[in-house]
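> Protein sequence lines correspond, in order, to chains A and B.
Just so we're on the same page, my numbering is the position in the first sequence counted from 1, plus 2.
Just so we're on the same page, my numbering is the position in the second sequence counted from 1, plus 10.
Sending over a structure as structure tokens; questions will come in a sec.
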Amino acid sequence: GQQVMQIPQYQHVQEGEDFTTYCNSSTTLSNIQWYKQRPGGHPVFLIQLVKSGEVKKQKRLTFQFGEAKKNSSLHITATQTTDVGTYFCAGFDAGNNRKLIWGLGTSLAVNP
Amino acid sequence: SQTIHQWPATLVQPVGSPLSLECTVEGTSNPNLYWYRQAAGRGLQLLFYSVGIGQISSEVPQNLSASRPQDRQFILSSKKLLLSDSGFYLCAWSTESYNEQFFGPGTRLTVL
Numbered sequence: 003g004q005q006v007m008q009i010p011q012y013q014h015v016q017e018g019e020d021f022t023t024y025c026n027s028s029t030t031l032s033n034i035q036w037y038k039q040r041p042g043g044h045p046v047f048l049i050q051l052v053k054s055g056e057v058k059k060q061k062r063l064t065f066q067f068g069e070a071k072k073n074s075s076l077h078i079t080a081t082q083t084t085d086v087g088t089y090f091c092a093g094f095d096a097g098n099n100r101k102l103i104w105g106l107g108t109s110l111a112v113n114p
Numbered sequence: 011s012q013t014i015h016q017w018p019a020t021l022v023q024p025v026g027s028p029l030s031l032e033c034t035v036e037g038t039s040n041p042n043l044y045w046y047r048q049a050a051g052r053g054l055q056l057l058f059y060s061v062g063i064g065q066i067s068s069e070v071p072q073n074l075s076a077s078r079p080q081d082r083q084f085i086l087s088s089k090k091l092l093l094s095d096s097g098f099y100l101c102a103w104s105t106e107s108y109n110e111q112f113f114g115p116g117t118r119l120t121v122l
């Protein structure tokens, strides 16, 4: 079945270091979404990428969608303690737009 | 603006007891509605989704059921809870299947 793999599962960084999480799909995606879940909270939508090779930025966060629309990445520059949480990618299979396929998330811990 | 409500926030239930979790959305009409379960430290598992009143799609076989008696109301039920039903239950809505999802605050269920 369709799968979205996300790596790494966990990441510890010192405040100020950069962080990247990667998302890889077994099938072509029509779009990909990124969410952040703070500890104890619920997932919050960050961004959606639709176009092949698309790059979007939100302050220190940079999101990329691969040329083949099978992979994506989230890069955080100069992490802060407020970046702590779990980052999920989720994509729509190009052949089945009814259902979002979720990655298992990358949990980020930031040491002050 | 749109808001999504879930209750209760926490719930402790004995094995074999029934369950009813309610989710309501305000400020939008004919939303797509979703029930997810998240085990501790894990990813999101889609349980049910609905594109309209009375239309429920089940993603995994289990002892849970869902109903949508009104346009903006989504209910998750069980006749007899199992220990494995413990988890964080999240309701979400979207305007279209391929659009971003907005999550409610969630219900933490512990089955003892």
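Think of the CB as a built atom: it goes at the ideal place given N, C-alpha and C, for glycine as much as any other residue.
None of the values given here were measured: they were computed from a predicted structure.
Between which two residues does the beta strand (DSSP E) carrying B/L29 extend?
Residue mapping note: residue 29 of chain B aligns to position 19 of the second sequence, counting from 1. Element bounds for B/L29: 29–36.
> Examine chain A for any beta-carbon lying closer than 8 Å to the beta-carbon of B/Q111, and answer yes or no.
Residue numbering aside, residue 111 of chain B sits at position 101 when the second sequence is read from its first letter. For B/Q111, the answer is yes, since a Cβ of chain A falls inside 8 Å of its Cβ.
> Considering only residues of the same chain and omitting the five flanking positions on each side of B/Q23, which have a CB-CB separation below 8 Å?
In the second sequence, the residue the question calls residue 23 of chain B occupies position 13. These residues qualify, in order along the chain: L29, L91, L119, T120, V121, L122.
> Leaving out the 5 sequence neighbours to the left and right, which residues in its chain are closer than 8 Å to A/A96 when beta-carbon positions are compared?
Sequence index remark: in the first sequence, residue 96 of chain A carries index 94 (1-based). The beta carbon of A/A96 is closer than 8 Å to those of T29, T30, L31, S32, K71 in its chain, skipping five residues each way along the sequence.
> Which chain B residues are close to A/Q13, counting only those with a beta carbon under 7 Å from its beta carbon?
Counting from 1 along the first sequence, the entry for residue 13 of chain A is found at position 11. By Cβ distance, chain B contributes nothing, its closest Cβ being about 14 Å from A/Q13, past 7 Å.
> Between B/G37 and the rest of its own chain, which residues show a CB-CB distance below 7 Å, the 5 nearest in sequence each way excluded?
Residue numbering aside, residue 37 of chain B sits at position 27 when the second sequence is read from its first letter. Contacts found: S11, Q12, T13.
> On the criterion of 16 or more Cβ atoms from any shown chain inside 10 Å, does A/V6 qualify as buried, or is it exposed?
Residue 6 of chain A sits at position 4 when you count from the first residue of the first sequence. Classification of A/V6: buried, given that the 10 Å Cβ count is 16 or more.
> List, in order along the chain, the chain A residues whose C-beta lies closer than 9 Å to that of B/P41?
The count along the second sequence starts at 1 and reaches residue 41 of chain B at position 31. Within chain A, no residue has its beta carbon less than 9 Å from that of B/P41; the closest one is some 14 Å off.
> Taking three-plus beta-carbon pairs below 8 Å as touching, is the segment 46–65 of chain B in contact with the segment 97–109 of chain B?
They touch, by the three-pair rule.
> Quick check: A/F65 and A/V52, are their CB atoms within less than 8 Å of each other?
Stepping through the first sequence from its first residue, residue 65 of chain A is reached at position 63. Stepping through the first sequence from its first residue, residue 52 of chain A is reached at position 50. No, they are not a contact pair.
> Inspect the beta-carbon positions of B/G53 and A/F90 and report whether they are closer than 8 Å.
Position 43 of the second sequence, counted from the first residue, corresponds to residue 53 of chain B. Position 88 of the first sequence, counted from the first residue, corresponds to residue 90 of chain A. Yes.
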